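Novice:
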Amino acid sequence: MRYSTDTGFKNLPDNGENGSRGFAIRFVLSEDGHTHYDIITNNAFGFIVSTGEGFLEQFQAMKAGKMDEWVAANPHAKYFQENQAPAHSYSFATEQWHSVHAFKFTNASGEERFFRWRIVPWQGVMKYSKADAAKQGKNYQFDDLAWRLKNNKPIKYRLLAQLAEDGDPTNDSTKIWPETNEFVEMGEIVIDRLWEMGEGEPAGREQKKIIYDPVPRYIEGIDVSDDPLLEVRTAVYLISGRIRREHLDEEVQQAVS
């Protein structure tokens with residue numbers, strides 16, 4: 001499992017303007033670790049764009065430092081920032097997580113049902129106001145995570161599947177499904193320890209090495225929906241993962257030289 005800043009900016013402070021965070025889980029299905037199923041979520045409801053073109057424009061605006069202009073020129077992005085952008089969580093243990101995309105269940109009889117993942121904290125959702133979040137330390141969420149696990153206070157979530165009803169869009173990540181939809185209990189997630197680094201291992205090595213895959217490839221009964229962003233995000237994740245690994249190799253070389 002990995003928590004992240006969700007935006008691609010690795011030094012984004014926990015007490016800054018942006019409350020977006022990500023949470024990813026990998027189910028390892030083979031002894032060598034090459035066969036797996038990943039659940040990738042963030043703490044926002046919905047997504048800021050619905051197409052690959054919009055995704056590219058967003059990244060270009062971020063790189064150019066022109067996000068405010070891009071948001072102002074895109075009605076949904078403006079609505080998202082004003083109404084759907086997540087507030088700062090009190091702790092990762094009190095944050096709720098949502099899959100951006102819809103996926104498809106298929107049972108043994110061939111019946112299909114679309115769904116989205118929802119991860120709900122057992123402690124309940126608790127948020128800071130922007131003013132109160134600004135008073136916390138710049139790494140307060142990650143510091144709290146380390147404190148909880150070192151003091152035998154595991155983080156527990158419920159893993160749910162929100163089922164689509166007739167008319168719920170499965171090809172548009174910007175559209176939120178009604179909270180009145182059926183939720184199916186799929187299991188429990190328990191986090192009880194941090195990754196222990198080996199001697200001489202660069203900080204964050206495993207986090208940088210892993211490349212999560214938004215597309216389910218190795219698990220029977222779960223498949224993609226018609227959301228066009230799924231393949232786009234998969235390609236972006238692969239490219240960014242390779243870049244991280246290249247920098248990681250450089251760090252390792254520097255550490256041993």
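In my numbering, the protein residues as written are 1 to 257. We put the CB at the ideal spot given by N, CA and C, even for glycine. Computed from a predicted structure; not experimentally measured.
(1) Let's see if you can read the secondary structure: which residues bound the alpha helix (DSSP H) around A108?
(2) Which of the three DSSP states is assigned to Q58 in this structure?
(3) Hey, would you say R158 sits closer than 8 angstroms to E182, going by beta carbons?
(4) What did DSSP end up calling E53 once you bin it into helix, strand or coil?
(5) Run through the DSSP bridge pairs and tell me what F23 is partnered with.
(6) Have a look at E220 and K66 and give me their C-alpha separation to the nearest angstrom.
(7) Using C-beta distances below 8 angstroms, list every residue in its chain close to D172, excluding the 5 sequence neighbours before and after it, in chain order.
(8) What ranges does the alpha helix (DSSP H) occupy inside the stretch 164-188, keeping only unbroken runs of at least 4 residues that lie completely in it?
(9) Let me confirm a value: R193 is counted as buried when at least 16 other C-beta atoms fall within 10 Å, else exposed. Which label applies?
(10) Could you say which of G54, A146 and I119 lies nearest to Q162 if we only look at CA atoms?
(11) If we count Cβ pairs, one from each stretch, closer than 8 angstroms, do we get three or more for the stretch 112-129 versus the stretch 48-63?
(12) Can you give the beta carbon distance from D14 to Y140, rounded, assuming they're within the 8 angstroms contact cut?
(13) Going by DSSP in three states, R158 sits in which element: helix, strand or coil?
(14) Assuming W147 is part of the alpha helix (DSSP H), what are its boundary residues?
(15) Let's see if you can read the secondary structure: which residues bound the alpha helix (DSSP H) around Y76?
(16) In three-state DSSP terms, what is V71?
(17) Within the continuous beta strand (DSSP E) that includes D223, where are the two ends?
(18) Alpha carbon to alpha carbon, how far is A134 from G16?
(19) In the structure shown, what three-state DSSP assignment does S240 receive?
(20) Determine the direct distance from the alpha carbon of G46 to that of Q96, and round the result to whole angstroms.
(21) How far does the alpha helix (DSSP H) with K130 in it extend, from its first residue to its last?
(22) Taking the alpha-carbon of Y212 as reference, which of Y37, N18, S20 and Q136 has the nearest alpha-carbon?
(23) Could you give the DSSP three-state label for V215: helix, strand or coil?
(24) Closer than 7 angstroms by C-beta to T94: which residues in its own chain qualify, once you throw out the five before and the five after it? Chain order, please.
(25) Using 8 angstroms as the cut-off, can you tell me whether the stretch 17-32 makes contact with the stretch 76-93, which would need three or more C-beta pairs spanning the two stretches below that distance?
Specialist: Taking the structure as given:
(1) No alpha helix (DSSP H) contains A108, which DSSP labels as neither H nor E.
(2) Helix, per DSSP.
(3) no
(4) helix
(5) Y3 and T41
(6) Cα to Cα, E220 sits roughly 43 angstroms from K66.
(7) S50 and D227
(8) none
(9) The residue in question, R193, is exposed, as its Cβ has fewer than 16 Cβ neighbours within 10 Å.
(10) I119
(11) no
(12) About 5 angstroms; that satisfies the 8 angstroms criterion.
(13) R158 falls in the strand class under three-state DSSP.
(14) Y140 to K150
(15) Strictly speaking, residue 76 in this sequence is His, with Tyr absent from that position. Counting along the chain, the alpha helix (DSSP H) containing H76 begins and ends at P75 to N83.
(16) helix
(17) I222 to V224
(18) Their backbone Cα atoms lie some 6 angstroms apart in a straight line.
(19) helix
(20) Looking at the two C-alpha atoms, the distance is approximately 13 angstroms.
(21) Unbroken alpha helix (DSSP H) run through K130: K130 to A134.
(22) Answer by Cα proximity: Y37.
(23) coil
(24) P121, Q123, G124, V125 and M126
(25) yes
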